[in-house]
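Remarks on the structure that follows.
In full-length UniProt numbering, the protein residues as written are 1 to 430.
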């Protein structure tokens, strides 16, 4: 069933969004419910739009404006990088619409499709005042840049957006770094305006990984996941054009871009204007590095346990090792899936697989078989791989997460123990 027909009363949906938002403020246990439901309801509102927009096919009046809308990052993980959209405002005709390339359906297949790299997003159309109220409820500031366009340039972009908002055209295959809500707007401008010039866009002189780091510095577990899952492809410097995958950088690029006007090249966009500001809003700041501290704690526990095993029985180390190799094996299986099976390109050639072997999931079942020569060889190979990884840590072509050093060291230590590396078990005889 077409998603435009899902919603018959936007006011009711917005009221429900407000009610859930109030529940968020009335109890912390409702926080995740509020943000999740608000996002889903906003998606319904947005998906309801194309029929209404298609009805507004009359030419825009001379009072019409087209502007780039930038929504600043929010506290949820999926809000961390901000958002871009296009506003079409014609007060004479009563038009005030938001064209949004960031719409998706959250169903039971969302996470599997995301992991596999086969996730579809949509161009949707919504009432801009309704969208502005939604972002106010989420506590996310909104910035507008009115575009300096001739009537012909304005009509070309609006026509492009209207055509692409139709059900048969609006779906696209989402790629977080290369095809998202921000890059779609960049490409639309380039397609419909041959004279737009982005060459003065600021060059961030950063890699993709460094750019992402700036937005998740307050989310240490997200940072941990990015470093673990993303391969060396994200460690090259981005171009000024590629940097526009982040809404903040599209905003800066539009601020420096030019387009041909009646008297020659002119600025593409007026100075940014903050339409909505949230008191107390702050950008991400570095938070306590819990993953790093925990992994160093596990290394200390592993060293203490290994030392005790040299002189006495430490039965708890068997459970410790099973947990260690199970976790590392599971991580390796996930990395192997992302490289060899998923459609993601930025997860290929991931050097973390040099130490996170999926085979640990099988080998862990034989941790107690100390006298098997084949297993001893396997564990020694594991220890050697960990040692090589640590020795070359600063020199690998992929930037590795320093917080993983204690985990790799612990892996090597315990693998060496099970591999009967000479000298490690002395003086105790097994």
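Backbone N, C-alpha and C define an ideal beta-carbon position, used for all residues, glycine too. As the structure is a prediction and not an experimental result, all values here were calculated from the model.
Straight-line gap, residue i to residue j (C-alpha atoms, nearest Å)
| i | j | result |
| --- | --- | --- |
| residue 414 | residue 302 | 8 angstroms |
| residue 293 | residue 172 | 41 angstroms |
| residue 191 | residue 343 | 27 angstroms |
| residue 232 | residue 348 | 8 angstroms |
| residue 394 | residue 341 | 29 angstroms |
| residue 125 | residue 161 | 9 angstroms |
| residue 320 | residue 353 | 22 angstroms |
| residue 264 | residue 144 | 24 angstroms |
| residue 271 | residue 296 | 48 angstroms |
| residue 156 | residue 65 | 13 angstroms |
| residue 29 | residue 345 | Because residue 29 carries a pLDDT of 40, less than 50, the predicted location of this residue cannot be relied on, and no value is offered for it. |
| residue 206 | residue 237 | 5 angstroms |
| residue 318 | residue 106 | 41 angstroms |
| residue 114 | residue 313 | 46 angstroms |
| residue 282 | residue 405 | 32 angstroms |
| residue 20 | residue 70 | Since pLDDT at residue 20 reaches only 39, below the 50 mark, its modelled position is unreliable, and no value is offered. |
| residue 309 | residue 422 | 15 angstroms |
| residue 109 | residue 119 | 9 angstroms |
| residue 396 | residue 380 | 22 angstroms |
| residue 255 | residue 63 | 22 angstroms |
Simplified DSSP assignment, three categories, for residue i
| i | result |
| --- | --- |
| residue 438 | Here the chain has residues from 1 to 430 only, and residue 438 is not among them. |
| residue 175 | strand |
| residue 101 | strand |
| residue 326 | helix |
| residue 107 | coil |
| residue 196 | coil |
| residue 256 | helix |
| residue 83 | strand |
| residue 281 | coil |
| residue 342 | coil |
| residue 89 | strand |
| residue 182 | helix |
| residue 94 | coil |
| residue 376 | helix |
| residue 227 | helix |
CB of residue i within 8 angstroms of CB of residue j, strictly
| i | j | result |
| --- | --- | --- |
| residue 121 | residue 103 | yes |
| residue 81 | residue 177 | no |
| residue 359 | residue 329 | yes |
| residue 147 | residue 240 | no |
| residue 139 | residue 74 | yes |
| residue 269 | residue 196 | no |
| residue 253 | residue 188 | no |
| residue 278 | residue 193 | no |
| residue 213 | residue 398 | no |
| residue 410 | residue 335 | no |
| residue 401 | residue 227 | yes |
| residue 367 | residue 418 | yes |
| residue 291 | residue 412 | no |
| residue 182 | residue 247 | yes |
Cβ-based neighbour list, residue i, same chain, cut-off 7 angstroms, excluding 5 preceding and 5 following
| i | result |
| --- | --- |
| residue 61 | 90, 92 and 93 |
| residue 378 | 363 |
| residue 210 | none |
| residue 158 | 60, 66 and 88 |
| residue 267 | 148 and 258 |
Same chain only: Cβ atoms within 8 angstroms of residue i, ignoring 5 sequence neighbours per side
| i | result |
| --- | --- |
| residue 132 | 142, 275 and 276 |
| residue 219 | 77, 80, 284 and 287 |
| residue 180 | 101, 102, 121, 174 and 245 |
| residue 96 | 87, 88, 89, 90, 127, 128 and 129 |
| residue 326 | 360, 361 and 364 |
| residue 408 | 355, 386, 389 and 390 |
| residue 451 | The structure shown does not extend to residue 451, since the chain spans only 1 to 430, so no value can be given for it. |
| residue 185 | 68, 84, 85, 86, 101 and 250 |
| residue 203 | 239, 240 and 243 |
| residue 170 | 50, 122, 123, 124 and 164 |
Spatial neighbours of residue i in its chain, beta-carbon cut-off 6 angstroms, leaving aside the 5 residues before and after
| i | result |
| --- | --- |
| residue 369 | 375 |
| residue 416 | 383 and 424 |
| residue 217 | 284 and 286 |
| residue 333 | 358 |
| residue 72 | 82, 140 and 141 |
| residue 289 | 220 |
Assigned exposure category for residue i - 16 Cβ within 10 Å defines buried
| i | result |
| --- | --- |
| residue 431 | Outside the displayed span of the chain (1 to 430) sits residue 431, for which this structure offers no information. |
| residue 372 | exposed |
| residue 304 | exposed |
| residue 311 | exposed |
| residue 221 | exposed |
| residue 164 | buried |
| residue 137 | buried |
| residue 315 | exposed |
| residue 208 | buried |
| residue 323 | exposed |
beta-carbon residue i near the ligand ADP non-hydrogen atom, thresh 7 angstroms
| i | result |
| --- | --- |
| residue 202 | The ligand ADP is absent from the structure shown, which contains no ligands of any kind. |
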